[in-house]
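Working notes, structure below.
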Amino acid sequence: MNLSFIDWFIVILVLAGMVYSVSFTKGLMRSVTDFLSAGRTAGRYLISVSQGAAGLGAISIVSFLEVGYITGFSFQWWGLSQGIILLAITTSGWVIYRFRQTRSLTLAQFFEKRYSRNFRIFAGIVAFVCGIINFGIFPAVGAQFFISYCGFPDSILGIPTFPLMMILLISVALYFVYTGGQIAVIIADFFQGVFLILVLFIITIFLYNKVEWDQVSDSLKNTPIKLAAEEVDKLNNEDSFKILDNEEKEEKN
């Protein structure tokens, strides 16, 4: 196990808080509209925090760290500039405003109003298949991440840990969905988002006080050199390059 008691305490406390908040939504879901769009009653701040928490997962954090390690600030520069453009577009209500006027709950329903019922069925099938594939990949990657990060054994009582972790992750998601639909999901993501904001703020202050800018600058300068050296070593260890090198030596002889 790589986690200490305080680490497990934080994880269990946050998960218990999310489950406890979802338990209050059991009687709020009374229609299809409540299940799919939270009854169209969620405010802008609730949606903003919930959407940010929903889009931040273990896969996203690992990918951001790896991209930041390889590219430095260049990737973040384009991300920040894109964020400003998206903020201007969403504030203006372009596309979204007209879509909300249609009172459509899904894109497939909107396609039926705009085109035909057959196209709605086709779009619904595409969305369903893509969702099944997506919901198969993310729990698998998430399970592997937690096993490696937490240091879980390969098997528990003779049962492989990987499928058990996948079942646990899927069970939590299904509990949230079937308890209160989109209402439960938004509320759970909101509490998770508030926790993330506080934690990230504390981590930012800690890093600002402990890590000096010279360390960051040196790391960014040395990373390309280190990566290039690793790539050269990989190429030297490949059999194809060894064969070419031996052929060149034979030609010279």
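Be aware that the sequence shown starts at 0, since it is given in numbering that gives the first Met the number 0, and climbs by one per residue. C-beta: ideal position from N, C-alpha, C; glycine also. These figures come from a predicted structure and were not determined experimentally.
Ile69 to Thr222 span [Cα, whole Å]: Within the sequence shown, residue 69 is the residue found at index 70, counting from 1. Within the sequence shown, residue 222 is the residue found at index 223, counting from 1. The straight-line gap from Cα to Cα measures roughly 7 Å.
Could you round the C-beta distance between Ser22 and Ile186 to whole angstroms and report it? I think they count as a contact, below 8 Å. Counting from 1 along the sequence shown, the entry for residue 22 is found at position 23. Counting from 1 along the sequence shown, the entry for residue 186 is found at position 187. Not quite, the Cβ-Cβ distance comes to about 10 Å (not below 8 Å), so this is no contact.
Per DSSP, cross-strand counterpart(s) of Ile158: For this step, residue 158 is matched to residue 159 along the sequence shown. Paired residues: Ile155.
DSSP state of Phe23 mapped onto helix, strand, coil: The residue given as residue 23 occupies position 24 in the sequence shown. Note: Phe23 maps to coil in three-state DSSP.
Taking DSSP as the reference, what is the three-state secondary structure of Ala41? Your numbering for residue 41 matches position 42 in the sequence shown. Note: Ala41 maps to coil in three-state DSSP.
Find out if the Cβ-Cβ distance for the pair Gly141, Ala52 is shorter than 7 Å. Walking along the sequence shown from the start, residue 141 turns up at place 142. Walking along the sequence shown from the start, residue 52 turns up at place 53. Not in contact: Gly141 and Ala52 (Cβ atoms no closer than 7 Å).
Cβ neighbours of Trp66 in the same chain (closer than 7 Å, five flanking residues each side left out): Within the sequence shown, residue 66 is the residue found at index 67, counting from 1. The sequence shown places Val at residue 66, not Trp. Result list for Val66: Phe74, in chain order.
My output table needs one value for Gly92: the three-state DSSP class, helix, strand or coil. In the sequence shown, the residue the question calls residue 92 occupies position 93. The three-state reading of DSSP puts Gly92 in coil, since its state is none of H, G, I, E or B.
Nearest to Phe189 by CA position, among Asn133, Ile155, Phe63 and Val18, is which residue? The count along the sequence shown starts at 1 and reaches residue 189 at position 190. Across the set Asn133, Ile155, Phe63 and Val18, the C-alpha of Val18 shows the shortest separation from the C-alpha of Phe189.
Classify Asn208 as helix, strand or coil using the three-state DSSP reduction. Here residue 208 refers to the residue found at position 209 when the sequence shown is read from its first residue. If DSSP states are grouped into helix, strand and coil, Asn208 belongs with the helices.
Whole angstroms is fine: what's the gap from Thr105's alpha carbon to Val184's? As a first step, residue 105 must be located in the sequence shown, where it is residue number 106. As a first step, residue 184 must be located in the sequence shown, where it is residue number 185. Computed Cα separation, rounded: 17 Å.
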